[in-house]
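**Q** For the sequence shown, the positions run 1 to 271 when the UniProt record's numbering is used.
Below are the structure tokens for one structure; questions will follow.
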Amino acid sequence: MGESPELEDFLSPVTGSLVYFIVTMGTGVIFRVLNKQYSPAWCQQYIADFSATLEMCAYFFENNFIMKHYGAIWLFIAVVVQCLVANRTYFGASENPVKSFYDLCTNKISTKTAITKILVQTLAGATSYYFARMVWALDLVEDHRERYLETVCDTDLSVALTVGLTIELGATLIDTWLGLQTLVPQSFIDEVLKCSNGAFMIVMGMHLTGMYFNPAMAFGHMFGCRGTSAWEHFIVYWIGPFIGCYMALVFDNKLHIDVTKSKMDTEKKEK
1 MGESPELEDF LSPVTGSLVY FIVTMGTGVI FRVLNKQYSP AWCQQYIADF SATLEMCAYF
61 FENNFIMKHY GAIWLFIAVV VQCLVANRTY FGASENPVKS FYDLCTNKIS TKTAITKILV
121 QTLAGATSYY FARMVWALDL VEDHRERYLE TVCDTDLSVA LTVGLTIELG ATLIDTWLGL
181 QTLVPQSFID EVLKCSNGAF MIVMGMHLTG MYFNPAMAFG HMFGCRGTSA WEHFIVYWIG
241 PFIGCYMALV FDNKLHIDVT KSKMDTEKKE K
């Protein structure tokens with residue numbers, strides 16, 4: 001009688017995901033603290049942006065497993081928590097080239113600085129895959145082993161080019177415009193509402209385009225994957241978000257919401 005093969009001793013999916021997120025978050029925070037303490041002043045913003053972008057892009061490799069095992073509600077919760085944590089640990093760094101483009105359009109940074117930041121963030125997006133592979137190499141769960149052993153990838157773009165362009169453009173427009181508004185006087189509730197909006201769009205659109213509305217993340221996750229050519233990738237995941245960001249600025253000039261100012265104006269009138 002042959003002996004039955006022993007089962008692999010993997011962690012549960014939720015434990016594996018928690019370990020992944022803690023390692024990713026901890027690495028990012030330590031990297032940014034060391035950068036602030038020891039890096040030359042002229043390059044600190046670029047290193048901080050690299051770290052923030054790598055961290056956020058790495059999160060979303062694991063988010064696919066959350067969707068697979070626990071569904072849309074838990075993915076929504078995970079993204080909201082990641083957003084809230086990022087807002088408190090990025091120390092002003094940016095994880096999205098759209099933010100660099102926004103700062104350029106509003107004359108907050110020079111063209112040279114914007115291009116440098118976008119290139120650094122794009123490099124970080126690509127590097128996030130190799131960071132994720134290092135964590136997958138720990139062989140915590142079966143999903144990690146499968147991803148680590150993969151040699152090819154498939155595109156997340158499951159709709160027509162024009163539809164994908166519209167989705168990524170629209171998501172960026174909504175996310176950017178909403179970020180410029182003050183919806184409620186309580187800052188934390190305002191923050192949660194904005195994070196929830198982004199999480200909702202990701203959950204609803206993940207099966208259509210991946211719902212990145214972050215060019216660096218899309219580049220790191222699926223540039224070169226089967227099913228989408230390089231020019232299609234750049235049209236959907238780069239041109240779309242940049243146009244969406246510019247449109248958000250235009251719309252903000254037409255419709256800007258700031259409930260705190262309305263309240264202050266009312267109080268002044270009463271006096």
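A virtual CB, placed ideally from N, CA and C, is assigned to each residue, including glycine.
1) Can you name, in chain order, every residue of its own chain whose Cβ lies under 6 Å from the Cβ of residue 240, other than the five neighbours on each side?
2) Given that a residue counts as buried once 16 or more other Cβ atoms are within 10 Å of its Cβ, and exposed if not, what is residue 269?
3) Are at least three pairs of beta-carbons, each pair with one atom in the region 83-93 and one in the region 24-41, less than 8 Å apart?
4) Is residue 28 near residue 52, with beta carbons less than 8 Å apart?
5) Between which two residues does the alpha helix (DSSP H) containing residue 201 stretch?
6) Given that a residue counts as buried once 16 or more other Cβ atoms are within 10 Å of its Cβ, and exposed if not, what is residue 130?
7) From the DSSP output, in three-state form, read off residue 182 for me.
8) Can you have a look at residue 173 and say buried or exposed, based on whether 16 or more other CB atoms are within 10 angstroms of its CB?
9) Got a sec, what are the start and stop residues for the alpha helix (DSSP H) residue 114 sits in?
10) Is residue 258 helix, strand or coil by DSSP?
11) Determine the DSSP secondary structure at residue 9, reduced to helix, strand or coil.
12) With a floor of 4 residues, list each alpha helix (DSSP H) that falls wholly inside the region 29-106, ordered by position along the chain.
13) Quick check on residue 139: does DSSP put it in helix, strand or coil?
14) Tell me the residue span of the alpha helix (DSSP H) that contains residue 220.
15) Do the region 11-30 and the region 124-141 touch if we need at least three Cβ pairs shorter than 8 Å?
16) Report yes or no: do three or more beta-carbon pairs, one from the region 186-203 and one from the region 121-128, lie closer than 8 Å?
17) Between which two residues does the alpha helix (DSSP H) containing residue 230 stretch?
18) Where does residue 252 fall in DSSP's three states?
19) Give the C-beta separation of residue 78 and residue 56 to the nearest angstrom, bearing in mind that I take them to be a contact with Cβ-Cβ under 8 Å.
20) Out of 108, 46, 236, state which residue places its alpha-carbon closest to the alpha-carbon of residue 156.
21) Leaving out five residues on either side along the sequence, give the residues of the same chain with a beta carbon under 6 Å from the beta carbon of residue 199.
22) Nearest-angstrom Cα distance between residue 245 and residue 148?
23) Are three or more beta carbon pairs between the region 93-110 and the region 196-210 nearer than 8 Å?
24) Name the residue from 62, 45, 47, 50 whose alpha carbon lies nearest to the alpha carbon of residue 22.
25) Going along the chain, which residues of its own chain have a beta-carbon closer than 7 Å to the beta-carbon of residue 128, five neighbours each way excluded?
**A** This is what the structure gives:
1) Here residue 240 refers to the residue found at position 240 when the sequence shown is read from its first residue. Counting only Cβ-Cβ distances below 6 Å, and skipping sequence neighbours, we find 165, 168, 169.
2) In the sequence shown, counting from the first residue as 1, residue 269 sits at position 269. Residue confidence is low: residue 269 scores 48 on pLDDT, short of 50, so the model does not pin down where it sits. Its coordinate-derived value is still stated next. It is exposed - the Cβ of residue 269 has fewer than 16 other Cβ atoms within 10 Å.
3) yes
4) On the sequence shown, position 28 is the one that residue 28 refers to. On the sequence shown, position 52 is the one that residue 52 refers to. In this structure, residue 52 lies closer than 8 Å to residue 28 by Cβ.
5) Here residue 201 refers to the residue found at position 201 of the sequence shown. Here the alpha helix (DSSP H) through residue 201 covers 187-209.
6) Along the sequence shown, one-based indexing puts residue 130 at 130. Under this definition residue 130 is an exposed residue.
7) Taking the first residue of the sequence shown as position 1, residue 182 is located at position 182. Note: residue 182 maps to strand in three-state DSSP.
8) Numbered from 1 along the sequence shown, position 173 holds the residue referred to as residue 173. So residue 173 ends up on the buried side.
9) For the purposes of this step, residue 114 is taken as the residue at position 114 of the sequence shown. Where residue 114 is concerned, the enclosing alpha helix (DSSP H) stretches over 111-136.
10) Indexing the sequence shown from 1 puts residue 258 at position 258. DSSP places residue 258 in strand when its eight states are reduced to three.
11) As a position in the sequence shown, residue 9 is number 9, starting the count at 1. Correct three-state label for residue 9: coil.
12) 41-89, 97-105
13) Within the sequence shown, the letter at position 139 stands for residue 139. Residue 139: coil per DSSP, three-state reduction.
14) Numbered from its first residue, the sequence shown carries residue 220 at position 220. Segment 215-222, the alpha helix (DSSP H) holding residue 220.
15) yes
16) no
17) Numbered from its first residue, the sequence shown carries residue 230 at position 230. Its alpha helix (DSSP H) spans residues 230-234.
18) Taking the sequence shown and counting its residues from 1, the one referred to as residue 252 is at position 252. Residue 252: helix per DSSP, three-state reduction.
19) As a first step, residue 78 must be located in the sequence shown, where it is residue number 78. As a first step, residue 56 must be located in the sequence shown, where it is residue number 56. Actually they are not in contact, since the Cβ atoms of residue 78 and residue 56 sit about 13 Å apart, beyond 8 Å.
20) Residue 156 sits at position 156 when you count from the first residue of the sequence shown. Answer by Cα proximity: 236.
21) As a first step, residue 199 must be located in the sequence shown, where it is residue number 199. Closer than 6 Å at Cβ, skipping near neighbours: 76, 79, 80.
22) Locating residue 245 in the sequence shown gives position 245, where the first residue counts as 1. Locating residue 148 in the sequence shown gives position 148, where the first residue counts as 1. If I take the Cα positions, the gap works out to 35 Å.
23) no
24) Start at 1 with the first residue of the sequence shown, and residue 22 comes out as number 22. When only C-alpha atoms are compared, the closest one is 62.
25) Start at 1 with the first residue of the sequence shown, and residue 128 comes out as number 128. So the list reads 54, 57, 58, 220, once near-sequence residues are dropped.
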